[in-house]
Amino acid sequence: MSTITISNLRKLYGGVPAVDGFSLEIPESTVFGLLGPNGAGKTTTFKCMLDLARPSGGEIRYDGKPLVPETFERIAYVPERSVLYDWMTVNEHVEMTRRAFASFDPARAVELLGQFNVDPRKRARALSKGMRTAVMIAIAFARNATLLILDEPTSGLDPVNQRHVLSLMINEAAKGNSVIFSSHQIGQVERAAERIAVMDRGRLVLEGLVDDLKADRKIVEGIFPDVTFTLDGIANDARVARADRTERIVRLLVTAGADEIAARLSGAGAVGVRVLDLNLEDIFLYAVAPATATTDVVVKES
Amino acid sequence: MNYVEWLRVRNLLRLVAIILAILLVLAVVLRISVSRYMSPDVWVHQAMMHPGVKVTHVTLPDGTKRTIMDDPSQSTHAMIDDRGYGGSHIVITEPSSRAHKENSNVNVGSIHVIESQNGAMTTTVVDTNGAVPMIYYMLLADIVALIVATILAAPLAREIDGHLEITLTKPISRVRFALGIIGADVAGIIAASILTVLAFYICQLLFESPRLDFSGINARAIAMGLACPLAWYAMLCAATTWLHRSYGAVLGFAWPVAILVGVLSIISTNNVVALFVHDVAWTLSRLDPLSYVSFAEPDGHGLLTYSGSNFALRLSIQLFLFVAYGALAIWKWQRVEA
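Read top to bottom, the protein sequences are chains A and B.
Just so you know, the working numbering puts the end of the first sequence at 303, numbered straight through with nothing missing.
Just so you know, the working numbering puts the end of the second sequence at 358, numbered straight through with nothing missing.
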């Protein structure tokens, strides 16, 4: 499995777009994090990618080809909620997967279940939420799939098992396989993903390599002597993605040239100027909820 | 064959087997309880208590124990051939005034009774080890198969209810998946029928050496007995797939609705409103496979025959309904989304 190309994907539910013109190319052999607030359309995108939901528009191609049933031999999927059969034992789930997928390695599944401390003789209904997730993870990673799509794979897991799942994901990428996952735990995404995309209200709002995004984006913060100051057009600079103003303080999200912008801010009368690095959480919040990021209203200069 | 569905079927068949095993145990208890009454000796002994009754015992070369009773005071003559496990052949000659008034020919299971009047005397021949028409077995098997079919009849709805992420991400087409799941259920329904026939055959073995009659109407009974539960299953399968959010209600109300529609479709009245209700019910009943089942009745010679005409058409309709409802279920299944 190599490249996945999503072109202008649209999915409407009752006329309301859950995914709206979403385009993305996911390269091979990568751990790809899909971020977004609740309702952003991440799960719907995954469902469309797997033909679990029929797109209202656009197309998805795997290595340039549309999805066919045989493609699933190479794709493993872990949904965000438990889809295990309550009345079946874990062993029976393993057997079910063995019968369905030629490349499935039952011994590996049992080994992974052991690492998650799951008793394979138990029925799914007897397992906790985290254990159910662990079962789905163990089975997915024993599939020998070349593409793993994981929708909030660490949900309900304890910190030890969360770390274990991240290691498994990184190992898969090291083996040349691709992992696409979503998570609200941005710290985990930062730790595991090489590349991310951020969705908001069904649209792609940010995409790129994590290191590039972090290197390029800085916060330039200026403190002015009083509240009646002007930015002299700095906020309209193409490199300034957002300008947030709180009384005497202005915070500029810049995508390049942070030092130059800082100098311009000093020239505009700022008595104190500093350049701050962004972590992935800051980048995410600036992408989807700037008001939350600054706890104030965005005032893009006109 | 779909593994998950086969597990469901296996669990249900296990339950059916347990229930049938309990019935078998009850049959064993009954057999032990009635063992002393199963030999003609009991009532021969009672007859000997009447004054003037002459009883003769003979053992025939084949081992049959023949008992001949003469009661001159009642003008009654009886000959009983007791073949033990092989059943009995009884011939009773008595005055017509005490016997049944008309010629009759009755078959009930393995017991065949022929009564013929000859002037003032009537001869009654009772054979207790006749061939058992398969239709009796199929009637019991059908009841079990219909119950099993009803329980199994929401396979696709159960997958839609929270498991699509597993079922639709397997490397097989949706149609193939649906056929596999329906195939497992069909096998389960047929297996339940076979289990029931086997259980009741064993029950009969406890009492006599059974011979099964597969001729004539019985072959038809087997065909109809298999086709009807399958068509019923397919109808419910389509209904539960289309109404997958409330498939439990569909299964729960299936029998009451089928019975109500069936009853309303056969009422005959001159009342306009009732007639309209009847017409609506009759039309609806055409969609119900149960309405195409023919009931067997004994003819003048004591042989069972179908009361409904055109068996081939009825069977064809059952098979058509199975295919049509199955196709409807699959058509809907192809369009479901997680």
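Where is the CB? At the ideal position from N, CA and C, for every residue including glycine.
Roughly how many angstroms lie between the CA atoms of T296 (chain A) and F225 (chain A), to the nearest whole one?
-> The count along the first sequence starts at 1 and reaches residue 296 (chain A) at position 295. The count along the first sequence starts at 1 and reaches residue 225 (chain A) at position 224. Note on T296 (chain A): pLDDT 42, under 50, position unreliable in the model; no value is reported.
Given a cut-off of 8 Å, decide if I209 (chain B) and Y253 (chain B) are closer than it, judged by their beta-carbon atoms.
-> Counting from 1 along the second sequence, the entry for residue 253 (chain B) is found at position 233. Counting from 1 along the second sequence, the entry for residue 209 (chain B) is found at position 189. Yes, the Cβ-Cβ distance between Y253 (chain B) and I209 (chain B) is below 8 Å.
Within 8 Å (strictly less), CB to CB, does I171 (chain B) reach chain A?
-> Locating residue 171 (chain B) in the second sequence gives position 151, counting from the first residue. Judged by the 8 Å Cβ criterion, I171 (chain B) is not in contact with chain A.
For V69 (chain A), which three-state DSSP category applies?
-> What you label residue 69 (chain A) is simply residue 68 of the first sequence in a count that begins at 1. Assigned with DSSP and collapsed to three states, V69 (chain A) falls in coil, not helix or strand.
Of all Cβ atoms in chain A, is any one closer than 8 Å to the Cβ of L32 (chain B)?
-> Stepping through the second sequence from its first residue, residue 32 (chain B) is reached at position 12. For L32 (chain B), not one C-beta of chain A is nearer than 8 Å to its own C-beta.
If we cut at 8 Å on Cβ distances, does I192 (chain B) have a partner in chain A?
-> Stepping through the second sequence from its first residue, residue 192 (chain B) is reached at position 172. At a cut-off of 8 Å between C-beta atoms, I192 (chain B) counts as an interface residue with respect to chain A.
What are the residues of the stretch 53-68 of chain A that lie near chain B, defined by any Cβ-Cβ distance shorter than 9 Å?
-> Answer in chain order: L53, A54 and R55.
Distance, I163 (chain B) Cα to E25 (chain B) Cα = Taking the second sequence and counting its residues from 1, the one referred to as residue 25 (chain B) is at position 5. Taking the second sequence and counting its residues from 1, the one referred to as residue 163 (chain B) is at position 143. Cα-Cα distance, rounded: 22 Å.
Pick from A:A269, A:R62, A:F285 and A:A139 that is closest to T98 (chain A), judged by C-alpha positions = Here the question's residue 98 (chain A) lines up with position 97 in the first sequence. The option with the nearest alpha carbon to T98 (chain A) is A:A139.
Is I76 (chain A) near T216 (chain B), with beta carbons less than 8 Å apart?
-> Taking the first sequence and counting its residues from 1, the one referred to as residue 76 (chain A) is at position 75. Taking the second sequence and counting its residues from 1, the one referred to as residue 216 (chain B) is at position 196. Taking 8 Å as the Cβ cut-off, I76 (chain A) and T216 (chain B) do not qualify as a contacting pair.
What does DSSP give as the partner residues of R62 (chain A) in its beta bridges?
-> As a working mapping, residue 62 (chain A) is identified with position 61 in the first sequence. Looking at the DSSP assignment, R62 (chain A) forms a beta bridge with A:T6 and A:P67.
Between which two residues does the alpha helix (DSSP H) containing F331 (chain B) stretch?
-> Translated into positions along the second sequence, residue 331 (chain B) becomes position 311. F331 to W353 is the span of the alpha helix (DSSP H), which, as asked, contains F331 (chain B).
L188 (chain B) touches chain A at which residues, Cβ-Cβ below 8 Å?
-> Working through the second sequence from its first residue, we reach residue 188 (chain B) at position 168. Under a criterion of Cβ atoms nearer than 8 Å, the residues of chain A adjacent to L188 (chain B) are, in order, L51, D52 and L53.
Identify the contact partners of E185 (chain B) in chain A, using a Cβ-Cβ distance below 7 Å as the criterion.
-> The count along the second sequence starts at 1 and reaches residue 185 (chain B) at position 165. Going along chain A in sequence order, the residues near E185 (chain B) (Cβ under 7 Å) are L53, Y78, P80 and V84.
Three-state class that DSSP yields for K190 (chain B) in the structure shown | As a working mapping, residue 190 (chain B) is identified with position 170 in the second sequence. Under the three-state reduction of DSSP output, K190 (chain B) falls in the coil class, being neither helix nor strand.
Tell me which same chain residues have a C-beta within less than 8 Å of the C-beta of T79 (chain B), skipping the five on either side of it?
-> Translated into positions along the second sequence, residue 79 (chain B) becomes position 59. Short of 8 Å from the beta carbon of T79 (chain B), and not among the five residues preceding or following it, lie these beta carbons of its own chain, in chain order: K85 and R86.
With a CB to CB cut of under 7 Å and the five nearest residues on each side skipped, what residues in its chain are close to I282 (chain A)?
-> Taking the first sequence and counting its residues from 1, one reaches residue 282 (chain A) at position 281. It should be pointed out that residue 282 (chain A) corresponds to Glu in this sequence rather than to Ile. Hits under 7 Å: I187.
Is V145 (chain B) near V111 (chain B), with beta carbons less than 8 Å apart?
-> On the second sequence, residue 145 (chain B) is found 125 positions in, with the first residue counted as 1. On the second sequence, residue 111 (chain B) is found 91 positions in, with the first residue counted as 1. Yes. Within cutoff.
May I ask which residues mark the beginning and end of the beta strand (DSSP E) holding R243 (chain A)?
-> Locating residue 243 (chain A) in the first sequence gives position 242, counting from the first residue. V241 to T247 is the extent of the beta strand (DSSP E) around R243 (chain A).
Counted within 10 angstroms of its Cβ, other Cβ atoms place I202 (chain B) as buried (16 or more) or exposed | The residue labelled residue 202 (chain B) in the question sits at position 182 within the second sequence. Result: buried.
Quick one: Cα of L166 (chain B) to Cα of H65 (chain B), how far?
-> Locating residue 166 (chain B) in the second sequence gives position 146, where the first residue counts as 1. Locating residue 65 (chain B) in the second sequence gives position 45, where the first residue counts as 1. Separation of L166 (chain B) and H65 (chain B) (C-alpha to C-alpha, rounded to the nearest whole angstrom) is 46 Å.
Going by Cα to Cα distance, which pick from B:G182, B:H77, B:A349 and B:D91 is closest to V84 (chain A)?
-> On the first sequence, position 83 is the one that residue 84 (chain A) refers to. Answer by Cα proximity: B:G182.
To which residues of the same chain is W353 (chain B) closer than 7 Å at the C-beta, ignoring the five residues directly before and after it?
-> For the purposes of this step, residue 353 (chain B) is taken as residue 333 along the second sequence, with counting starting at 1. Its chain contains L176, R194, A198 and T261 as the residues whose beta carbon lies nearer than 7 Å to that of W353 (chain B), once the 5 sequence neighbours on both sides are disregarded; these appear in chain order.
Would you say K48 (chain A) faces chain B, with C-beta separation under 8 Å as the test?
-> The count along the first sequence starts at 1 and reaches residue 48 (chain A) at position 47. So, interface residue.
Do F23 (chain A) and T6 (chain A) come within 8 Å of each other at the CB atom, strictly closer than that value?
-> The residue given as residue 6 (chain A) occupies position 5 in the first sequence. The residue given as residue 23 (chain A) occupies position 22 in the first sequence. In this structure, F23 (chain A) does not lie closer than 8 Å to T6 (chain A) by Cβ.
Contacts that F102 (chain A) makes with chain B (C-beta to C-beta distance below 9 Å) = Start at 1 with the first residue of the first sequence, and residue 102 (chain A) comes out as number 101. Near F102 (chain A) (Cβ distances below 9 Å), the residues of chain B are K190 and P191.
Which word fits L286 (chain A), buried or exposed, when buried means at least 16 other C-beta atoms lie within 10 angstroms of its C-beta?
-> Residue mapping note: residue 286 (chain A) aligns to position 285 of the first sequence, counting from 1. L286 (chain A) is buried by the Cβ-count criterion.
If we count the other Cβ atoms within 10 Å of its Cβ and call it buried at 16 or more, is V277 (chain B) buried or exposed?
-> The residue you call residue 277 (chain B) lines up with position 257 of the second sequence. Answer is exposed; the Cβ neighbour count stays below 16.
For my contact list, L254 (chain A) and A236 (chain A) are in at a C-beta cut-off of 8 Å; report their separation, rounded to the angstrom.
-> Residue mapping note: residue 254 (chain A) aligns to position 253 of the first sequence, counting from 1. Residue mapping note: residue 236 (chain A) aligns to position 235 of the first sequence, counting from 1. Contact annotation, L254 (chain A) with A236 (chain A): C-beta distance approximately 10 Å; criterion of less than 8 Å not satisfied.
Would you call the stretch 48-67 of chain A and the stretch 201-220 of chain A touching, i.e. three or more CB-CB distances under 8 Å?
-> Under the three-pair Cβ rule at 8 Å, the stretch 48-67 of chain A does not count as touching the stretch 201-220 of chain A.
So, is the C-beta of G182 (chain B) closer than 8 Å to a C-beta in chain A?
-> Position 162 of the second sequence, counted from the first residue, corresponds to residue 182 (chain B). Judged by the 8 Å Cβ criterion, G182 (chain B) is in contact with chain A.
Alpha carbon to alpha carbon, how far is A258 (chain B) from F311 (chain B)? Give it in angstroms, no decimals.
-> Your numbering for residue 311 (chain B) matches position 291 in the second sequence. Your numbering for residue 258 (chain B) matches position 238 in the second sequence. A quick correction: the sequence has Ser, not Phe, at residue 311 (chain B). Rounded to whole angstroms, S311 (chain B) to A258 (chain B) spans 18 Å at the Cα level.
Output the boundary residues of the alpha helix (DSSP H) element that contains P160 (chain A).
-> Here residue 160 (chain A) corresponds to residue number 159 of the first sequence, with the count starting at 1. Counting along the chain, the alpha helix (DSSP H) containing P160 (chain A) begins and ends at P160 to A175.
Could you name each continuous beta strand (DSSP E) segment of 3 residues or more that falls completely within the stretch 99-134 of chain B, going from the start of the chain to the end?
-> Fully enclosed beta strand (DSSP E) runs of 3 or longer: 108-115 and 124-128.
Taking DSSP as the reference, what is the three-state secondary structure of V78 (chain B)?
-> On the second sequence, position 58 is the one that residue 78 (chain B) refers to. Three-state DSSP puts V78 (chain B) in a strand.
Quick one: what's got a C-beta closer than 7 Å to L284 (chain B)'s C-beta in the same chain, skipping five residues either side?
-> On the second sequence, position 264 is the one that residue 284 (chain B) refers to. Hits under 7 Å: V297, H298 and A301.
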